[in-house]
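Student: Sequential numbering of the sequence shown, starting at 1, is according to UniProt numbering.
Handing you this structure, nothing more for now.
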Amino acid sequence: MSKFDEILSLIKQLPEVFETEEVALQDAFNSVLREDVLADMNMPPFHKSAMDGYACHFEDLGNEMEVLEVIHAGMMPTQTVGRNQCSKIMTGAAVPDGCDCVFKVEDSEEVAEKTVRCINLRTARNICYTGEDYQQGDVLIKEGTIISVPQMAVLAGAGYAKVKVSARPRITVIATGSELVEPHEKPEPGQIRNSNSSQVITQLRKMNLEVAENLQLKDDYDLLTHKFNEALENSDMVIFTGGASVGDFDFIPEILKEQGFKIYWDRTGFKPGNPMTFSQKGNKFAIGLSGNPVSSLVQFELLAKPAIYQLMGAKYTPTRIMATLNFDYRRKKADRLAIVPVYFGNDGKIEEIPFHGSAHINALISATALMEIPLGVDTINKGETVYVRPL
Ligand SMILES: Nc1nc2c(c(=O)[nH]1)N[C@H]1C(S)=C(S)[C@@H](COP(=O)(O)OP(=O)(O)OC[C@H]3O[C@@H](n4cnc5c(N)ncnc54)[C@H](O)[C@@H]3O)O[C@H]1N2
Ligand code: MOO
Numbered sequence: 001m002s003k004f005d006e007i008l009s010l011i012k013q014l015p016e017v018f019e020t021e022e023v024a025l026q027d028a029f030n031s032v033l034r035e036d037v038l039a040d041m042n043m044p045p046f047h048k049s050a051m052d053g054y055a056c057h058f059e060d061l062g063n064e065m066e067v068l069e070v071i072h073a074g075m076m077p078t079q080t081v082g083r084n085q086c087s088k089i090m091t092g093a094a095v096p097d098g099c100d101c102v103f104k105v106e107d108s109e110e111v112a113e114k115t116v117r118c119i120n121l122r123t124a125r126n127i128c129y130t131g132e133d134y135q136q137g138d139v140l141i142k143e144g145t146i147i148s149v150p151q152m153a154v155l156a157g158a159g160y161a162k163v164k165v166s167a168r169p170r171i172t173v174i175a176t177g178s179e180l181v182e183p184h185e186k187p188e189p190g191q192i193r194n195s196n197s198s199q200v201i202t203q204l205r206k207m208n209l210e211v212a213e214n215l216q217l218k219d220d221y222d223l224l225t226h227k228f229n230e231a232l233e234n235s236d237m238v239i240f241t242g243g244a245s246v247g248d249f250d251f252i253p254e255i256l257k258e259q260g261f262k263i264y265w266d267r268t269g270f271k272p273g274n275p276m277t278f279s280q281k282g283n284k285f286a287i288g289l290s291g292n293p294v295s296s297l298v299q300f301e302l303l304a305k306p307a308i309y310q311l312m313g314a315k316y317t318p319t320r321i322m323a324t325l326n327f328d329y330r331r332k333k334a335d336r337l338a339i340v341p342v343y344f345g346n347d348g349k350i351e352e353i354p355f356h357g358s359a360h361i362n363a364l365i366s367a368t369a370l371m372e373i374p375l376g377v378d379t380i381n382k383g384e385t386v387y388v389r390p391l
């Protein structure tokens, strides 16, 4: 099993530690659902007209029909439709008992006052039958689903004005590096602007998570230890960037161990983004991402995101699709799974983006997917297929 697959199975075993809460439906978007959503009635609840037209007996389509009443949406029919009779009906209204066809207004002709006939004998039936979408008692959405746009509609339709979801964990983001300056500052020689915090915070926001505190700290062992412990008092999780590797000032793995955190993994087995630490102490978690901007982005997408979702009780599976290369791919070393930014061309094939590694974040500006080059593979030819993850 590859290192990456090993880590993915570790993630699947993480406990669902974060709490649940009840929120109003309108605040549930992008949250993790923590209950099965059940249908309290059939959908549609009654035989419903799909068109504005006339409800009748299908056998009478060739005949002139007496119009009994006008049925609008929201009312029940008051007349029984007999042979050679019909009722005018609006889209969404209940079809009278016994009627098995609604022909459209456009397919009707008024032959006399309150008398019509159908002029299209090939009409469809135009009825949505009771319970054809779902039936009372059906599980409509499973616990663990991340609530997206269709789920919001189904929750509303099933009467869930309040929804049980995962409470959002409090997360502190700490960018480490004595070379870092804030985005509004002009770097002096040897310095670099901190881009990781903005990136990580935005990845968290995309998951509907908020950041309790956002710190930028120098590579000072005591300072980092002190601030880490302070952050743990108010947070469920601390995400570091930088200091993840083996340099003299890469303190994060050491601090985590020193503070009694259990390290689940400290290497990912993919490129870019090999050094990364995931650790736990009680109900607190700490993630050490690489300092290199593409590395930390890829590590977040491939591992931090599924791990956080797992802790929140989400059933999360990233979308991976097979796509055809429109270029020849080569690499010198095939000792790790490689993650390479690409974009989809108009023909649906993937196109190459000039990319030179873990610091080259602007290469991702035009990327619409991340291509996965498996461990051991150094050549993929134009026309062959690979897995990609749409961004
Ligand atoms: N002897 C070894 N050296 C390195 C190894 C190794 O295995 N042995 N791994 C390399 C790999 S791969 C990576 S990736 C990096 C990871 O290093 P760190 O996570 O310790 O990150 P730093 O050294 O702190 O920084 C790396 C790079 O990224 C810049 N950086 C840091 N933070 C930010 C930020 N917030 N915003 C923008 N850019 C940032 C930093 O200035 C460095 O240029 O280690 C290799 N070395
Ligand atoms: O793992 Mo590092 O991100 O190759 O550059």
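Ideal Cβ placement from N, Cα and C applies to all residues, glycine included.
Predicted model only: the values in this text are computed from it and were never measured.
Could you check whether valine 95 and lysine 48 sit closer than 8 Å to each other, using their CB atoms as the reference points?
Tutor: Locating residue 48 in the sequence shown gives position 48, counting from the first residue. Locating residue 95 in the sequence shown gives position 95, counting from the first residue. Contact: yes.
Student: Please name the residue, chosen from Pro44, Thr20, Asp219, that lies closest to glutamate 132 on a Cα-to-Cα basis.
Tutor: Reading the sequence shown from its first residue, position 132 is the one you call residue 132. Ranking Pro44, Thr20, Asp219 by Cα distance to glutamate 132 puts Pro44 first.
Student: Only counting the same chain, and skipping five residues up and downstream in sequence, which positions put a Cβ closer than 8 Å to that of lysine 162?
Tutor: The residue you call residue 162 lines up with position 162 of the sequence shown. For lysine 162, where only same-chain residues beyond five positions count, the Cβ hits under 8 Å are Glu22, Val23, Ala24, Leu25.
Student: With distances taken between CB atoms, is the gap from threonine 176 to isoleucine 252 smaller than 8 Å?
Tutor: Within the sequence shown, the letter at position 176 stands for residue 176. Within the sequence shown, the letter at position 252 stands for residue 252. The criterion of a C-beta distance shorter than 8 Å is satisfied by threonine 176 and isoleucine 252.
Student: For the segment 216 to 252, list the beta strand (DSSP E) runs that are entirely contained and at least 3 residues long, ordered along the chain.
Tutor: The segment 216 to 252 contains these whole beta strand (DSSP E) runs: 237 to 241.
Student: Please determine whether the Cβ atom of glycine 177 lies at a distance below 7 Å from any heavy atom of ligand 2.
Tutor: As a position in the sequence shown, residue 177 is number 177, starting the count at 1. Not under cutoff, so the answer is no.
Student: State the Cα-Cα distance for the pair lysine 164 and valine 139, rounded to the nearest angstrom.
Tutor: Numbered from 1 along the sequence shown, position 164 holds the residue referred to as residue 164. Numbered from 1 along the sequence shown, position 139 holds the residue referred to as residue 139. Taking the Cα positions, lysine 164 is about 15 Å away from valine 139.
Student: Any heavy atom of ligand 1 within a distance shorter than 7 Å of the CB on serine 279?
Tutor: By 1-based counting over the sequence shown, the position of residue 279 is 279. Serine 279: no, Cβ never under 7 Å from ligand 1.
Student: Roughly how many angstroms lie between the CA atoms of glycine 313 and glutamate 301, to the nearest whole one?
Tutor: On the sequence shown, position 313 is the one that residue 313 refers to. On the sequence shown, position 301 is the one that residue 301 refers to. Looking at the two C-alpha atoms, the distance is approximately 18 Å.
Student: What's the C-alpha gap between leucine 121 and proline 77?
Tutor: Sequence index remark: in the sequence shown, residue 121 carries index 121 (1-based). Sequence index remark: in the sequence shown, residue 77 carries index 77 (1-based). Between leucine 121 and proline 77, the alpha-carbon positions lie close to 25 Å from each other.
Student: Please state whether the Cβ-Cβ distance between glutamate 37 and leucine 155 is less than 8 Å.
Tutor: Residue 37 sits at position 37 when you count from the first residue of the sequence shown. Residue 155 sits at position 155 when you count from the first residue of the sequence shown. Checking the sequence, you will find valine at residue 37 rather than glutamate. In this structure, leucine 155 lies closer than 8 Å to valine 37 by Cβ.
Student: Helix or strand or just coil, what does DSSP make of tyrosine 160?
Tutor: To locate residue 160, count along the sequence shown from 1; it is residue 160. Tyrosine 160: coil per DSSP, three-state reduction.
Student: Which class does aspartate 107 belong to by DSSP, given the choice of helix, strand or coil?
Tutor: Counting from one through the sequence shown, the residue named residue 107 turns up at place 107. Residue state, collapsed to three classes: helix.
Student: Taking 7 Å as the line, does the beta carbon of isoleucine 201 fall inside it for any heavy atom of ligand 1?
Tutor: What you label residue 201 is simply residue 201 of the sequence shown in a count that begins at 1. Not so, every heavy atom of ligand 1 lies at least 7 Å from the Cβ.
Student: Is leucine 325 near valine 386, with beta carbons less than 8 Å apart?
Tutor: The count along the sequence shown starts at 1 and reaches residue 325 at position 325. The count along the sequence shown starts at 1 and reaches residue 386 at position 386. Cβ atoms of leucine 325 and valine 386: closer than 8 Å.
Student: Using only the heavy atoms of ligand 1, determine whether one of them is closer than 7 Å to the beta carbon of glycine 242.
Tutor: The count along the sequence shown starts at 1 and reaches residue 242 at position 242. Checking every heavy atom of ligand 1 against the Cβ of glycine 242, one is found closer than 7 Å.
Student: For my contact list, leucine 215 and threonine 172 are in at a C-beta cut-off of 8 Å; report their separation, rounded to the angstrom.
Tutor: As a first step, residue 215 must be located in the sequence shown, where it is residue number 215. As a first step, residue 172 must be located in the sequence shown, where it is residue number 172. In this structure leucine 215 touches threonine 172 by the C-beta definition: roughly 7 Å separates them, less than 8 Å.
Student: For threonine 241, is the classification buried or exposed, using 16 other Cβ atoms within 10 angstroms of its Cβ as the cut-off for buried?
Tutor: The residue given as residue 241 occupies position 241 in the sequence shown. Its Cβ being crowded by 16 or more others within 10 Å, threonine 241 is buried.
Student: For isoleucine 308, is the classification buried or exposed, using 16 other Cβ atoms within 10 angstroms of its Cβ as the cut-off for buried?
Tutor: The residue given as residue 308 occupies position 308 in the sequence shown. When all chains shown are included, isoleucine 308 counts as buried.
Student: Any heavy atom of ligand 1 closer than 7 Å to the beta-carbon of alanine 359?
Tutor: As a working mapping, residue 359 is identified with position 359 in the sequence shown. True, at least one ligand heavy atom lies under 7 Å from that Cβ.
Student: For glutamate 332, tell me which candidate among Gln13, Ala39, Ile373, Glu35 has the shortest Cα-Cα distance.
Tutor: Counting from 1 along the sequence shown, the entry for residue 332 is found at position 332. Per the sequence shown, the amino acid found at residue 332 is lysine instead of glutamate. Answer by Cα proximity: Ile373.
Student: Check whether the Cβ of proline 272 sits closer than 7 Å to any heavy atom of ligand 1, and report yes or no.
Tutor: Position 272 of the sequence shown, counting from 1, holds the residue named residue 272. Correct: proline 272 has its Cβ closer than 7 Å to ligand 1.
Student: Using a 10 Å radius around the Cβ and a threshold of 16 neighbouring Cβ atoms, would you call lysine 218 buried or exposed?
Tutor: Position 218 of the sequence shown, counting from 1, holds the residue named residue 218. Label assigned to lysine 218: exposed.
Student: Considering only DSSP beta bridges, list what arginine 389 is partnered with.
Tutor: Against the sequence shown, residue 389 aligns to sequence position 389. Leu370, per the DSSP bridge assignment.
Student: Could you name the residues of the same chain whose beta carbon sits closer than 6 Å to that of glutamine 191, not counting the 5 residues immediately before and after it, in chain order?
Tutor: Within the sequence shown, residue 191 is the residue found at index 191, counting from 1. When the five nearest sequence neighbours on each side are left out, the beta carbons in the same chain lying within less than 6 Å of the beta carbon of glutamine 191 are those of Glu179, Val181, in order along the chain.
Student: What is the residue span of the alpha helix (DSSP H) that serine 87 lies within?
Tutor: Translated into positions along the sequence shown, residue 87 becomes position 87. Careful: serine 87 lies outside any alpha helix (DSSP H), inside the beta strand (DSSP E) at 85 to 89.
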